[in-house]
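*Asks:* Below you'll find the structure I mean.
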Amino acid sequence: MRNNYIYILIAFAVIYAIRVLPLTLIRKPLRSRFLRSFLYYVPYVTLAVMTFPAIVEATALPAAGIAALAVGIIAALLGASLLTVAGACCAAVFLLELIFT
Amino acid sequence: MEPMEKKQSPFAQGLRDGIPIALGYFAVAFSLGIAARDAGLTPFQGMLASLLCVASAGEYALFTLVGAGAAYLEVALVTLITNARYFLMSCALSQRIRPDMPDRHRWGIGLAVTDEIFGISIARPGPLEPRYHYGAMAVSIPAWAIGTALGILMGTVLPPRVVSALSVALYGMFLAIIIPPARKELSVAICVLTGFGFSWLFGFLPALRDLSAGMRTILLTLGLSAVIALIFPRKEDAQDAE
Chain A
1 MRNNYIYILI AFAVIYAIRV LPLTLIRKPL RSRFLRSFLY YVPYVTLAVM TFPAIVEATA
61 LPAAGIAALA VGIIAALLGA SLLTVAGACC AAVFLLELIF T
Chain B
102 MEPMEKKQSP FAQGLRDGIP IALGYFAVAF SLGIAARDAG LTPFQGMLAS LLCVASAGEY
162 ALFTLVGAGA AYLEVALVTL ITNARYFLMS CALSQRIRPD MPDRHRWGIG LAVTDEIFGI
222 SIARPGPLEP RYHYGAMAVS IPAWAIGTAL GILMGTVLPP RVVSALSVAL YGMFLAIIIP
282 PARKELSVAI CVLTGFGFSW LFGFLPALRD LSAGMRTILL TLGLSAVIAL IFPRKEDAQD
342 AE
């Protein structure tokens with residue numbers, strides 16, 4: 001059996017190292033242009049991979065998940081805040097599932 | 102940019118600017134708590150994870166892996182991958198630190214480099230002010246932790262419709278992070294579109310579909326980011342000039 005507290009402590013150790021090592025050790029910009037570019041793109045790829053198709057599989061009605069994706073993209077393109085985009089996605093799912101299930 | 106209020110201490114300014122962050126965190130943390138509950142975490146464990154990690158996507162990945170009974174090494178790797186952006190944020194912050202700032206503040210600020218706290222902290226003119234950072238942390242992190250615990254406690258008492266609706270809140274938040282930069286930069290748009298596309302392909306292609314969600318995330322992130330970095334190397338001054 002694996003232990004939830006060990007999971008949490010591993011995550012904390014890794015995430016704290018990620019955050020604190022640049023602050024304590026690296027005092028100059030990274031030299032490698034490739035590495036800088038690579039690290040710049042990492043979050044966008046990661047979050048995109050985590051978002052789709054998971055958002056469609058998360059809802060009781062798959063069509064509601066697709067609608068949430070569309071609504072979220074449009075709201076984000078319109079410059080809505082993080083909270084507004086998240087709220088709009090929830091509202092889309094709630095309304096569609098209310099109507100069609 | 103709001104004019105600086107000289108009368109307030111930096112800590113009080115941080116508290117004030119942290120209030121909207123706290124409100125947003127509370128709502129998102131509630132749905133994160135639902136994911137933690139599905140993974141079998143207790144409210145205390147969820148609160149502890151949120152206090153220590155203060156990371157939306159990172160904690161979501163953690164809870165997913167806990168629920169799947171993943172190997173500890175996989176948790177470490179996925180945490181590394183899903184939180185890599187904080188490395189860059191900390192690099193940016195390190196350039197704004199006054200040379201005479203005591204080292205303990207480097208360790209303190211490093212506890213909470215999040216999208217939002219990083220955003221308001223680096224947007225403040227002049228050298229980095231640790232007390233401002235601490236003020237924002239003091240109001241937003243408790244909201245994040247309590248929201249997570251309440252999501253675990255109350256997730257089951259909410260109607261299924263509400264749970265289904267809240268389950269997309271985090272994905273909505275991810276969209277809010279990745280879509281606006283994708284509009285400004287072709288290379289980021291390609292990151293997002295290829296991320297969507299390959300993630301979808303890996304879900305059903307033979308052999309690839311047997312990969313765990315965590316391994317899929319690692320492989321696609323390393324592969325796609327490397328290829329895109331080779332094709333679209335970034336200009337040296339793109340981030341640091343601001």
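Top to bottom, those sequences are chains A and B.
First residue of the first sequence? That's 1 in my numbering, and the numbers climb one at a time after it.
First residue of the second sequence? That's 102 in my numbering, and the numbers climb one at a time after it.
Every residue gets a Cβ at the ideal spot worked out from N, C-alpha and C, and that includes glycine.
If you're wondering where the values come from, they're calculated on a predicted model, not measured in any experiment.
Does the beta-carbon of residue 311/B have 16 or more other beta-carbons within 10 angstroms, so that it is buried, or is it exposed?
*Replies:* exposed
*Asks:* If I follow the unbroken alpha helix (DSSP H) through residue 300/B, where does it start and stop?
*Replies:* 287-303
*Asks:* Would you say residue 117/B lies against chain A (beta-carbon separation less than 7 Å)?
*Replies:* no
*Asks:* Do residue 309/B and residue 303/B come within 7 Å of each other at the CB atom, strictly closer than that value?
*Replies:* yes
*Asks:* Please confirm if residue 19/A has its CB atom under 7 Å from at least one CB of chain B.
*Replies:* yes
*Asks:* Provide the residue span of the alpha helix (DSSP H) that contains residue 198/B, from first to last.
*Replies:* Careful: residue 198/B lies outside any alpha helix (DSSP H) and carries neither H nor E.
*Asks:* Output needed for residue 80/A: all residues of its chain with C-beta closer than 8 Å, excluding positions within five of it in sequence on either side, in chain order.
*Replies:* 88
*Asks:* Consider the Cβ of residue 52/A: report whether some Cβ of chain B lies at a distance smaller than 7 Å.
*Replies:* yes
*Asks:* Just the C-alpha distance for residue 318/B and residue 277/B, rounded to the nearest angstrom, thanks.
*Replies:* Those two C-alpha atoms are separated by around 19 Å.
*Asks:* What's the C-alpha gap between residue 216/B and residue 31/A?
*Replies:* 24 Å
*Asks:* Alpha carbon to alpha carbon, how far is residue 149/B from residue 5/A? Give it in angstroms, no decimals.
*Replies:* 9 Å
*Asks:* Quick check: residue 37/A and residue 282/B, are their CB atoms within less than 7 Å of each other?
*Replies:* no
*Asks:* Check residue 150/B in the structure and name its three-state DSSP category.
*Replies:* helix
*Asks:* Note down, in chain order, all residues in the stretch 217-229 of chain B with a beta-carbon under 8 Å from any beta-carbon belonging to chain A.
*Replies:* 217
*Asks:* Looking at residue 73/A and residue 156/B, is the spacing between their C-beta atoms short of 7 Å?
*Replies:* no
*Asks:* Using CA atoms only, rank isn't needed, just tell me which of 207/B, 123/B, 218/B, 245/B is closest to residue 22/A.
*Replies:* 207/B
*Asks:* Along the stretch 323-336 of chain B, what residues have a CB closer than 8 Å to any CB found in chain A?
*Replies:* Per Cβ criterion, the list reads 325, 326, 327, 329, 330, 331, 333, 334, 335.
*Asks:* For residue 120/B, count the other beta carbons within 10 Å of its own beta carbon; 16 or more makes it buried, fewer makes it exposed. Which is it?
*Replies:* exposed
*Asks:* Look up residue 273/B in the DSSP assignment and say whether it is helix, strand or coil.
*Replies:* helix
*Asks:* Quick check on residue 7/A: does DSSP put it in helix, strand or coil?
*Replies:* helix
*Asks:* DSSP state of residue 84/A, grouped into three classes?
*Replies:* helix
*Asks:* Mind checking the stretch 55-71 of chain A against chain B and listing, in chain order, the residues whose C-beta falls within less than 7 Å of any C-beta there?
*Replies:* 55, 58, 59, 60, 65, 68
*Asks:* Consult DSSP for residue 46/B and reduce its assignment to one of helix, strand or coil.
*Replies:* Past the edges of chain B, shown from 102 to 343, lies residue 46/B, and the structure says nothing about it.
*Asks:* Using 7 Å as the threshold, is the C-beta distance between residue 273/B and residue 42/A below it?
*Replies:* For residue 273/B and residue 42/A, no; Cβs fall outside 7 Å.
*Asks:* What does residue 280/B touch in chain A if you count any residue whose Cβ is under 7 Å from its own?
*Replies:* In chain order: 73, 76, 77.
*Asks:* At the 7 Å Cβ level, is residue 309/B part of the contact set with chain A, yes or no?
*Replies:* no
*Asks:* Tell me, to the nearest whole angstrom, how far the beta carbon of residue 125/B is from that of residue 137/B; I am working on the premise that it is less than 8 Å.
*Replies:* Their Cβ separation, rounded to whole angstroms, is 18 Å, which puts residue 125/B and residue 137/B out of contact at 8 Å.
*Asks:* Can you tell me whether residue 342/B is buried or exposed? The criterion is at least 16 other CB atoms within 10 Å of its CB, across all chains shown.
*Replies:* Residue confidence is low: residue 342/B scores 36 on pLDDT, short of 50, so the model does not pin down where it sits. Its coordinate-derived value is still stated next. The residue is exposed, with fewer than 16 neighbouring Cβ atoms inside 10 Å.
*Asks:* Measure how close the beta-carbons of residue 180/B and residue 11/A come, nearest whole angstrom, since I'm counting them as under 8 Å.
*Replies:* Correct: roughly 5 Å between the Cβ atoms.
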